[in-house]
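Participant: For reference, the structure I am asking about is given below.
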Amino acid sequence: MAYYDSIYQDTELGPRAKAVYIYLKDHANKEGTCWPGIKTIAAGVSLSRSTVKRALDDLVRAGLVVKEKRWRENGSLSSNLYQIK
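Numbering (my numbering) for the sequence shown: 10 to 94.
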């Protein structure tokens, strides 16, 4: 639970980014990866989809999350893969 303390005390991150980071961290596997959709994250943290997208951009810029696009076999876009730092 020490990661919560470091996130709560981070004055560079806003509340939306903190909420999304904690959601991702709570849903990550042992390797620190997860792949929820934007809609799923938004529902989980009670924020709009556009707010979640801005929060994810904040987390990527802060170096706390690496976002990687995933593609289906038919070439369509799937949910992103998030690597939590």
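Positions of the beta carbon are idealized from the N, C-alpha and C atoms, including for glycine. The model shown is predicted, which means the values in this text are computed figures rather than measured ones.
May I ask you to verify whether the stretch 56–69 touches the stretch 20–28, counting CB pairs closer than 8 Å and requiring at least 3?
Facilitator: Touching, per the Cβ criterion.
Participant: Closest to E42 by C-alpha separation, out of V74, W80, R81, G84, would be which residue?
Facilitator: Locating residue 42 in the sequence shown gives position 33, counting from the first residue. According to the sequence displayed, residue 42 carries Thr and not Glu. Ranking the options by Cα distance to T42, first place goes to V74.
Participant: Is V69 near the ligand COA, judged by its Cβ being under 6 Å from some heavy atom?
Facilitator: By its list of ligands, the structure shown contains no ligand whatsoever, and the ligand COA lies outside what it can speak to.
Participant: I'd like to confirm the pairing. Which residues does DSSP put opposite K39 in its beta bridges?
Facilitator: Position 30 of the sequence shown, counted from the start, is the residue given in the question as residue 39. Answer is none; K39 lacks a bridge partner.
Participant: So for K34, helix, strand or coil by DSSP?
Facilitator: As a position in the sequence shown, residue 34 is number 25, starting the count at 1. Looking at K34 - three-state DSSP - the assignment turns out to be helix.
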